[in-house]
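> Residue numbers (numbering that gives the first Met the number 0), protein chains in the order written: chain S, 0 to 421; chain W, 0 to 298; chain X, 0 to 650. Structure incoming, see below.
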Amino acid sequence: MKRAFSRLLVLAILLTLLAPVLTVGAQGAQTLEIYITGLGDDQLNWFREVAFPAFQETHPDVTLEILTGGWGDFDATVAGWITTGDGPDIIYLGSEYAATYGPLLANIDPYLEGWDELEQFLPIALDTVTWDGHARGLPLLMSPRPIFFRTDLFANPEAGIPLTFEDALTFVGENTIIENNALVRQGYMALGGGLFDAQEFIADIWTAGGELYYEDGTSAFDSAETAEAMQFTYDRRRLVLPTEDTAGLPPFEGTALASNAVVSGIWAMWQAPATDDPLWDDIAMGPYPAGEKGEPLIQVFIDWLSVPAYVPEAKLPLVVDFLKFIASQDNAIALNNVAGFTPTRQDAWEAIREASPVWARLLDMAVEYGRAFSDIRASAELRPLIAEQMNLYLTDQQSLEDTQRIMKEEYDAILEDAGYIK
Amino acid sequence: MATKPTATNTGRAGRRTLRLQTGMVSFRRLLLYLVLVLASLFFLFPLAWMIGTSLKTVEEVGQPQLNLLPSIPQWSNYTILFGEDPFYRAYFNSVFIAIIVLFGTVTSVTLVAFSFARLQWRGRNIVFALMMGTLMLPYQATLVPQYVLFYNLGWIRTFNPITIPGFFAGGAAYVFLLRQFMMTIPRELDEAALIDGANPLQVWWYVIVPLSRPAIATVAVFLFVGTWNSLTYPLIYLQRAELFTMPIFVAQKLNLQASPLPWQDVMAASVTFVIPVLLIFIFTQRYFVEGITMTGVKG
Amino acid sequence: MTSDIRLDNLIWVALTVLFIIVTSTGLGLLARAIARWRGLSEGEQRKLFWGITLAGPWIVGFLIFVVGPALASLFYSFNNYKLGESLEWTGLENYRALIMGIGAHGRRFTQAMYNSFYYALIGVPLQIITALGMALLLNNEIRGIRSFRTIFYLPVILAGGPAILLAWRYMLSANGGFVNVILQKLASSFFLFDWLYRGFIFVMEGFNSFYTGLSRGDPLGPLKFVIPGALAILILITLLGDWSESKRARTWGIIQILALIVLAATLPRGLMAAPIDPIWTVVVGLAFLGFILLSAWQGHEGRVRAFQIAALIVFAITLALTLAAAAPDSGDPAPYLIAAAAAAAPVLLSLFGVWSRRKYTLLGIAFAILALAVFIHVIPGQLDGGRLALIPRYLTFGTTLEQPGDLTYLKETYPAEIMSAIWFFALAVVMLAAIALLGDRYPRARRAVLYISLAFFLLFTAGALVDGVRYFRAFDTIAAETGTPAYHFARFRTATAQFPTQDRVPLWMTSELWTKPSLVLITMWSTGAGMLIFLAALKGVPRSLYEAAEVDGAGRTQKFFKITLPMISPAMFYNIVIGMIAALQTFESIYILRTPDTEDTLASAAFFLFVRTFRQLDIGQGAAASWILVVVIVVLTVIQFRYSNWVNYEA
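Listed below in C-alpha cells is the structure:
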C-alpha cells in the first residue's frame, strides 16, 4: 500500500514536470485576428463567409479569424491584451475610443500613404479615427443621429421643425401631456430614454456657438455658451417634468418612435422602425436646435476598425491591407446590403440613396449638418463628470454657476493629468 | 427537562386544545397556502414573462403594450434555435465545463472544509483567516494580473482558466459554508472513528461526508448555478466563438443593432438555458431538505 | 478544434489533480518536518501533517492564483499606472486622493462608499429577514411544498442573465409597472392603505433624500453631534441598574467598538495628510497598547501575542519608511523617530515579564502619558479658538450660529469651524472606561459617573438637536429672502415639504431617491441562496427539541427564539458575513441596471474601481480603491467574527 502510494507520487511528480512540454501547441501560419463586439450573427457571418474568402484570394497563406465578446467585458479583455502585448490585430471600436485608447493604438499613416481612395471618406469620419495627428485605423460605418419627429402627433399641426432653442422649448411644451402626475405623451426624449445625454449636451454647447476647449487647451465649461446650453437643457426638462416626482412614460418594448407616446427625440437609425415601414410617412428629421450665436447640427457616430500598438511592425502592412479591403467601395456597399451599415465613403452612397428616400435624407443631413464625436479629450472621464454635475443641476441640487465652476475645475484637472494641458 | 405537569391537568386542557387545534390547523394551513401562492406569483412573474416573450412574434415583441402572453404561440422560435449549430456547441461547452468544475470543486472544498472544521492543528485559524481574506478582495482588482498569469501558463482561449482554479478549493464562500455546517456535527463521532484506528481521510469519507450531505448538496447547487450562469470569466478568457458557453450565446442573441430587439430569440435561448438548473434543483432538493441523517444523529 | 481544447482541458485536469496531491502532501510533510524541528510532540506533528495536507488544495491554489495577482495589484496601487504606460512610484498618492475625496474621482469614490454601506447596512438585514421568512414558510410539511421550494428558488436560477433584470425594470416602471399598479390598487381600496402607501412614500423619500445629501457632503452642522450623543445615551441606558459581570464584559466590548470608530474616522485621513504629522505614530502605538492591555486583562493570551506582533511589524515598517522617505527628501526624520520610539517603547515593554499588577500600572501610566501627549498636541489645531465653547452653549440650549443669514458662512465657514463629532465618541469612550473601571469596587462612584454622563449627553444632544434645527431653518430663511434655493439637502427639503398627494408613485428605477431601494428590493427577491442555507439548517434542528419544549409549555414565539434561532445561528452567521461581503462588492446588477442618470446613485465601490480600472484605464487608482475596500471589509468581518459568541455550534 505504502509502496504503491510512493510510486504514484513519483509518477505524479514526473508528469507535473512534463506538463509544460506536453501542452505546447504548434504555431500556425500567419493569422489575422479581428475582434468584433456588438454585431449580430448575420453581420459576423458575412465576414466569415464572404469577406474572408475574398481576401484570401489575394492573400492565400493568411488565415482569418473573428474573436468576439460582449461590451460588458470588452474593457477588461482589452486590458489583458495590452498588458500581455498579445491579442487580436484589429479591434472594432466605437466613436469616443480614439480619445481613450489613443496612445495604445498604432500609427498606420505610413501604410496609407498614396492610397487615393482615402479622399472618398467623409472628413469627419477620418477625424474620428485620428489621434495625435495620425490615423489609428479606418472607419467602418457611421450612425448619423438627427432628431426624429412624429408629425402626425403634433399638437399644433402647423408647427414646423424647431431650429432654435426658443422654438424647441415651445415645441416640447406644446407636445407634452401630463395626467395624474404622470406623463402620457412626451414632447422630447434624449438618446437612452432620459431627458439628457452627455453626448447630446456637448452637441448643445456646439449649437449654442461654444466649444469644449479654449485656445490654450483648457476647458470652456465656464463659457456663456455652456451656460446657455445648460439653461436650455434645464428648461426643457421642466417642461416635460414640472417636478422631480412626476412619473415617466409607461414602459414599452420596441422603438420609442413607434410608441405614439413620444413626439420627438434623438435615436440611432437602428432604434427607428425599418425604412420600409409606412410610419415613415409621418416621420420627419431635423438637426439639433441652435442658440443665438450657433448653427444647428447633428451628431454622427463612427464605428471603426483600429490597430493596437502591440501589433508587430512586420505585420502592419498585412493588417492595413485588410483594413483597405474591408473599407473598399464594393465591401462598403455589400455591408450596407447585408447588415444595414451606413458607409462613410461617399462613393458608396449612390446605391443607398436610390434604394431608400429615408437614407437619402439622412445622408444629406450628415453632409450638411454632421459633426463627429472627435477630438473629445479624456472622454472616459468627461462623460461621467458631465452626467454627475448636470444631474445635480437638473434636479435642483446645485446652482448653474456652481455646476459650471466645478465642471471647469475638474475637467481642467483631468486634462492636466492626461497631459493635454502642459 | 423542566417539571412535568400533573396528569389530570394535561388531561383536560390537552383535550380542549386538541379540538381547538383541528379547527386552527386547517385555517392556518389555508393561510399558509395563501401566503405561499401570493409569494409564488411574485417569484414567478419574471419566468412567466420570459416564457411568454419567447413565444411571441417579432411584431408582438415590438408592440408598445406590455402583454404577458402571445396571441398565437410561436413554437418556431424554438425550432429555429434548435436548428443552429452554435446552440448545441455552446450547450455542450457549458455542460462540459459545469461537470468538470462541479467534480473538482466539490471534492476539494469538502476536504478543505473538513480540515478547517474537524481537525485541530497549529496555525489553522490563521490559514482560515487568510482564506476568508480572499473573499474580500474584489475580483475586478486582480483581473489584469490574473490575465497575465493565465497568459504565461498558455491558458488564454482554453477552458483551463475557468475550470482548473476550482480544483484548488476555489470559492472560499463554499468552504466557509461547509465549515459552518461541519462544525455542528457532534465531535464524539469522529473521535470514536479515530480511536478505532481510522485516519482523518477515512473519517472524512466515512463519517463527515455522509453526515454533511445537506450542506454538500447545497454547495453543489450553488456551484452549478454559479458556473452555469457565469459570464465574466468565460467572456474574458474564451474569446473564440467555438468555445463560447450558453450565457455568452444568450447574451449575443441580444443584437443591439437590430430593431426591434429580438427579445423572443433571447428569451427562447434563456428558457432552454434555465432548464438544466431547474432540473438539478428539483433533483437535489431531496438531499438538502430531508436532513434526516442530521436529525437522526442529534435526536 | 473544440474537441482539442476539451482534451487539452482534460489533460490539464488530470495533471492538476496529481499536482495537488503531490504539493499538498509535500506541504504536509514540510509542516511535519518543521514541527519535528521545533520539538513538537508526535501527536501534534501528526495533526499538523493531516491538517495541512487536507487544507493543501486551497493553500497551493492560494499561493499560485491569489498571492501573485494580489501582490501585483497592491504594488500597482502605489504607482501612477495607466494602462499601456510604464509605472511611476507615487507612494500613497492614489490612496490620498480617494480617502480625502480630492477631485472628481475622490468625490465619486466617497459617494460609492456611501452607496456600498447602504447595500450592506440596510440591504443585508432585509435580505436575511426575507430569506429566513421564506425558509420558515417552506419548512412546513404540507402537500406541494416541493413545488413552492422550486418556485422560491427560481429567482436565483434566473438572476444570472441581464434578461431578468430587464424584467424587473418593467415591473418597477413608475407609470404602469406591475409593482406600482398593485400598490395603487391597494391604496385606493381602503383609506387606511392609502395613508400607509403615502406614508411609505414619505418615509422612503425623506430617508433616502437625507442619505443623498449626506453622501454628497452637505454639512450637517450641529446635527452631527446628535449621532455620538444618541449612541452614548443608548449605551448608558443599558448600563443603568445593578452592575454585573455581563455588563462589565459588554461595556469593554462597546469601548473597543467605539475606539475603533474613533480610529477609523481619524487615522486614515491623518495618515493621508502630506506631510504626515508624527503624532499619528503615537496614535497608532496608543491603539495597539490599548488593545494589548485590554486583551491581557481579559486573559486572551493569543490575542495579546497577535497585537504585539502586529504592532512590531507596523513599527518596523514605519521605521523603514521614515528612513527611506527621509533620505531622498532630506527632511528631518528626528520628530518621526522620537514619536516612533515613544510609541514603541511601552509595546516593547509589554513583551517582558508576567502580567502583574505592577506591569499593568506601569503600562497604564505610559498609556495615559501618550494619550495626554496626543491630546495636547491636537488641542491647538482642533479645540482652540473657542471651539470648546460649544459645549456650555448646547447644555443651555444656546446657539453656535453667529451669522445665520450668510450662505457662505453656513455652508463653508461654520462647518469648518465647529468641533469634530469624533471628540464626543472619544468622550463616550473615556466615560465608559471610567464606569467599567469603577464598576467592580466603587459602586457609588460608578453610579455617579453614569448619571452625570447620562445627564450630560441628554442635555448636550437635546441642545445640539435644537441648534441643528436652527441651522437647517437658516437655509430656508435665506432661500425665502433671496428667492433662489439654498442648495443644502435640497432633495430632502423638497421631499419633506409636504405629505405626498394621492397621485404620487414610487419612481423606482428613475429617481435617485428610489434607485438604491430598488436594488435592495431586487436582492431581496433573489435571496434564494440564503433561504436554502436557512432551510438546510432548519431541517437539521432535531424534532425532539421542539417536543421537549412543547411538554414544557413553550409557545410558538418562544420555540422560535429559544430553539430555532440558536440552532440555526451558524447558518445565520454565514448569511450575515457572506451577505455583507457581497453587498459591499455589489457589481453585476448595478452594471446592468444603471442608466447615465442613475449611475452615480447606484455605483458601489466595486463599480467605481471597475470604471477607474477598465473604462478610464487608471489601473493604479483602481487598485488603490480595491484595497481600501478590502480593508473596510476585513475590519467589518473581523468585528463580526470577534462578536460571534451568539453563534451556537454543537447545540
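Where is the CB? At the ideal position from N, CA and C, for every residue including glycine.
Rounded to the nearest angstrom, how far is the Cβ of Leu54(W) from that of Gln73(W), given a contact under 8 Å?
Confirmed, about 5 Å.
> Kindly indicate the opening and closing residues of the alpha helix (DSSP H) around Met284(S).
That residue, Met284(S), is in no alpha helix (DSSP H); its beta strand (DSSP E) goes 282-285.
> Does DSSP put Arg472(X) in a helix, a strand or coil?
Helix, per DSSP.
> Below 7 Å between beta carbons: does that hold for Gly293(S) and Thr206(S)?
Yes; because the gap between Cβ atoms is below 7 Å, this pair is in contact.
> Helix or strand or just coil, what does DSSP make of Thr500(X)?
Reduced to three states, the DSSP call for Thr500(X) is coil.
> Should Val276(W) and Trp227(W) be called a contact, given that it needs their Cβ atoms to be closer than 7 Å?
It is a contact, given that the beta carbons lie within the stated cut-off.
> Within 7 Å (strictly less), CB to CB, does Glu353(S) reach chain X?
Closer than 7 Å: no.
> Across which residues does DSSP place Phe300(S) in a beta bridge pair?
Phe300(S) pairs with Ser142(S).
> In chain order, what residues of the stretch 224-237 of chain W put their CB closer than 7 Å to some CB of chain S?
Residues Thr231, Leu234, Ile235.
> Please check if any C-beta of chain S sits within less than 7 Å of the C-beta of Tyr146(W).
So, interface residue.
> Scan the stretch 171-201 of chain S for residues whose Cβ lies nearer than 8 Å to a Cβ of chain X and list them as they occur along the chain.
Correct list: Asn179, Asn180, Ala181, Leu182, Gly191, Gly192, Gly193, Phe195, Asp196, Ala197.
> Measuring only the C-alpha atoms, how far is Val646(X) from Val126(W)?
Using only the alpha carbons, I get a separation of about 21 Å.
> Do Gln397(S) and Tyr486(X) have their C-beta atoms within less than 7 Å of each other?
Result yes, Cβ atoms of Gln397(S) and Tyr486(X) sit closer than 7 Å.
> Return the CA-CA distance between Phe180(W) and Ala214(W), expressed in angstroms with no decimal places.
Phe180(W) and Ala214(W): Cα-Cα distance of roughly 7 Å.
> Evaluate contact between the stretch 554-567 of chain X and the stretch 577-597 of chain X, counting only Cβ atoms and requiring at least three cross-stretch pairs below 8 Å.
No, because fewer than three Cβ pairs between the stretch 554-567 of chain X and the stretch 577-597 of chain X fall closer than 8 Å, the two stretches do not touch.
> What distance in whole Å lies between the Cβ atoms of Ala339(X) and Thr280(X), which are believed to be in contact at a cut-off of 8 Å?
The pair is a contact, with the Cβ atoms about 5 Å apart (cut-off 8 Å).
> Kindly indicate if chain W contains any beta-carbon less than 7 Å away from that of Gly247(S).
False, the Cβ-Cβ gap to chain W never drops below 7 Å.
> Do we get a CB-CB distance below 7 Å when we pair Met300(W) with the residues of chain X?
With chain W running from 0 to 298 in the structure shown, residue 300(W) is simply not present.
> Who are the Cβ neighbours of Trp251(X) in its own chain at under 8 Å, not counting the five residues just before and after it?
Answer for Trp251(X): Leu293, Gln297, Ala435, listed in chain order.
> Assuming contact is defined by CB atoms lying nearer than 7 Å, are Met135(W) and Val633(X) in contact in what I supplied?
Yes, the Cβ-Cβ distance between Met135(W) and Val633(X) is below 7 Å.
> At the level of alpha carbons, what is the spacing between Phe300(S) and Gly132(S)?
Whole-angstrom Cα-Cα distance: 19 Å.
> Quick check: the stretch 125-134 of chain X against the stretch 191-201 of chain W, are at least 3 beta-carbon pairs closer than 8 Å?
The stretch 191-201 of chain W is not in contact with the stretch 125-134 of chain X.
> Counting only C-beta atoms, is Asp3(X) closer than 7 Å to chain W at any point?
No, Asp3(X) lies away from the interface with chain W (no Cβ there is under 7 Å from its Cβ).
> Report the residue from Gly289(X), Gly105(X), Leu135(X), Glu43(X) whose alpha carbon sits nearest the alpha carbon of Thr563(X).
Of the candidates Gly289(X), Gly105(X), Leu135(X), Glu43(X), the one whose C-alpha sits nearest the C-alpha of Thr563(X) is Leu135(X).
> Mind checking Lys515(X): buried by the 16 CB within 10 Å criterion, or exposed?
The residue in question, Lys515(X), is buried, as its Cβ has 16 or more Cβ neighbours within 10 Å.
> When you compare the CB of Val34(W) with every CB in chain S, is at least one pair closer than 7 Å?
No, Val34(W) does not count as interfacial toward chain S.
> Could you tell me whether the Cβ atoms of Gly67(X) and Ser23(X) are closer together than 7 Å?
No; because the gap between Cβ atoms is not below 7 Å, this pair is not in contact.
> In the DSSP assignment, find the beta strand (DSSP E) that holds Val128(S) and state where it starts and stops.
Looking at the DSSP string, Val128(S) is not in any beta strand (DSSP E), and its letter there is neither H nor E.
> Name the chain X residues that come within less than 7 Å of Pro137(W), Cβ to Cβ?
Those are Gln584, Ala605, Leu608, Ser625, Leu628, listed as they occur along chain X.
> Helix, strand or coil: which one does DSSP assign to Gly290(W)?
Because the pLDDT at Gly290(W) is just 49, under 50, the model does not fix this residue reliably, and the value given afterwards should be weighed accordingly. Reduced to three states, the DSSP call for Gly290(W) is coil.
> Check the Cβ of Ala489(X) against every Cβ in chain S and list those closer than 7 Å, keeping chain order.
Residues of chain S passing the Cβ test: Asp395, Gln396.
> Residues of chain S with CB closer than 8 Å to the CB of Gly142(W), please, in chain order.
Looking at the sequence shown, residue 142(W) is not Gly but Leu. Per Cβ cutoff of 8 Å: Ala75, Ala78, Gly79.
> Does the beta carbon of Val20(S) come closer than 7 Å to any beta carbon on chain X?
Note that Val20(S) scores 47 on pLDDT, short of 50, meaning its location in the model is unreliable; the coordinates nonetheless yield the value given after this. No, Val20(S) does not count as interfacial toward chain X.
> Along chain S, which residues have their Cβ under 8 Å away from the Cβ of Phe366(X)?
Within chain S, no residue comes near Phe366(X); the closest Cβ sits about 44 Å away, beyond 8 Å.
> Does DSSP put Gln119(S) in a helix, in a strand, or in coil?
DSSP places Gln119(S) in helix when its eight states are reduced to three.
> For a cutoff of 7 Å on Cβ pairs, would you count Pro422(S) as touching chain X?
No information on residue 422(S) is available, as it lies outside the stretch 0 to 421 that chain S covers here.
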